[in-house]
């Protein structure tokens, strides 16, 4: 790697050898685990449900990759297999793909490349540092780009996008109910999603403020993550970015995208915090996968 590329990558932080190796190992496990759970969760939705046998076979194979890939000995073959399987999945359902699928493919590609200089199952520390730094850049760029696109589209300036989501998605309505007056919430929910509905105009000042703070935070937080304002500012930006991601996903409920993004943000910590995040996100995935069955049991229990 040239000195220029190394300096560029290091702008998001520089890890000690052992820390970089552990971070990359944890990200490998997280991405493989995410795809394994996501493969089964996707069977609920079209177009996956139209070919359940095919996609269930892919989900099973991804589960095998996740189990084998937990150990360094089978890391490369597991990551390579998961990368191939995810490419097949994306191609088979294109253009009905989710953002986290593309993110997973990029992360798996970086992990695969990190093995180019490996001798045996252990990744070279220099390659691990480069891969982890590249992952940080991807997360940082994704966060900033999301804010720029919100600003460019314009529907966040007056809160129109959030108003539309409240009107059409009960999850958003529940999340924003505490900050939207009852009359305003009832008006938006009554609009629903039908031809001629609208206007989806936000009249609650706090809702408009939250809408604008979202895109503004997504654009400015990457400045702190770059460390331009010091290490303390980077830590604060990391924590605030994770809180922002969780807040957004409370309404959006893109749990697999959130899992990988939160893990990516944790890469900005000096130590390996992704390993400690694995059981937390794993439990969230289990609950998400089991929630339809659990909700039916709760409804049945309440009815009896």
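Residue numbers (the working numbering): 750 to 1053. Glycine is no exception: its CB is placed at the ideal position from the N, C-alpha and C atoms. Being a predicted model, the structure only gives us computed values, none of them experimental.
Next item on the list: Give the straight-line distance between the Cα atoms of residue 884 and residue 1029, rounded to the nearest whole angstrom.
Entry: Against the chain shown, residue 884 aligns to sequence position 135. Against the chain shown, residue 1029 aligns to sequence position 280. Rounded to whole angstroms, the separation of the alpha carbons of residue 1029 and residue 884 is 21 Å.
Note to self: Taking the beta carbon of residue 969 as the centre, do at least 16 other beta carbons fall within 10 Å, making it buried, or is it exposed?
What the structure shows: Sequence index remark: in the chain shown, residue 969 carries index 220 (1-based). Under a 10 Å Cβ-count criterion, residue 969 is classified as exposed, with fewer than 16 other Cβ atoms of the shown protein chains found around its own Cβ.
Check: Going by other Cβ atoms of all chains shown within 10 Å of its Cβ, with 16 needed for buried, is residue 954 buried or exposed?
Finding: Sequence index remark: in the chain shown, residue 954 carries index 205 (1-based). With fewer than 16 other beta carbons inside 10 angstroms of its own, residue 954 counts as exposed.
Next item on the list: Go ahead and label residue 905 buried or exposed: buried means 16 or more other beta carbons lie within 10 angstroms of its beta carbon, across all protein chains shown.
Entry: The residue labelled residue 905 in the question sits at position 156 within the chain shown. By the 16-neighbour rule on beta-carbons within 10 angstroms, residue 905 is buried.
Checklist line | N- and C-terminal bounds of the alpha helix (DSSP H) containing residue 1003 | finding: Here residue 1003 is taken as the residue at index 254 of the chain shown, counted from 1. Run containing residue 1003: none; DSSP gives neither H nor E here.
Check: Around the Cβ of residue 757, are there at least 16 other Cβ atoms within 10 angstroms (buried) or fewer (exposed)?
Finding: In the chain shown, the residue the question calls residue 757 occupies position 8. So residue 757 ends up on the exposed side.
Margin query: Comparing C-alpha positions only, which one of 950, 820, 760 and 851 sits nearest to residue 832?
Written below: Walking along the chain shown from the start, residue 832 turns up at place 83. The residue with the shortest Cα to Cα distance from residue 832 is 851.
Next item on the list: Name the two residues that bound the continuous alpha helix (DSSP H) containing residue 961.
Entry: Counted from its first residue, the chain shown places residue 961 at position 212. Membership of residue 961 in the alpha helix (DSSP H) is indicated by the continuous run 954-974.
Check: Residues in its own chain within less than 6 Å of residue 960 by CB, not counting five upstream and five downstream?
Finding: Taking the first residue of the chain shown as position 1, residue 960 is located at position 211. Around residue 960: 905, 908 and 911.
Next item on the list: Note down, in chain order, each residue of its chain lying with its Cβ closer than 7 Å to the Cβ of residue 827, except the 5 sequence neighbours on either side.
Entry: Looking up residue 827 in the chain shown gives position 78. Answer for residue 827: 781, 814, 817 and 818, listed in chain order.
Checklist line | Rounded straight-line distance, which links the Cα of residue 793 to that of residue 998 | finding: One-based indexing of the chain shown puts residue 998 at position 249. One-based indexing of the chain shown puts residue 793 at position 44. The alpha-carbon atoms of residue 998 and residue 793 are separated by roughly 19 Å.
Check: Taking the alpha carbon of residue 893 as the point to measure from, which residue in 918, 966, 877 and 1023 has its own alpha carbon closest?
Finding: Looking up residue 893 in the chain shown gives position 144. For residue 893, the nearest C-alpha among the options comes from 966.
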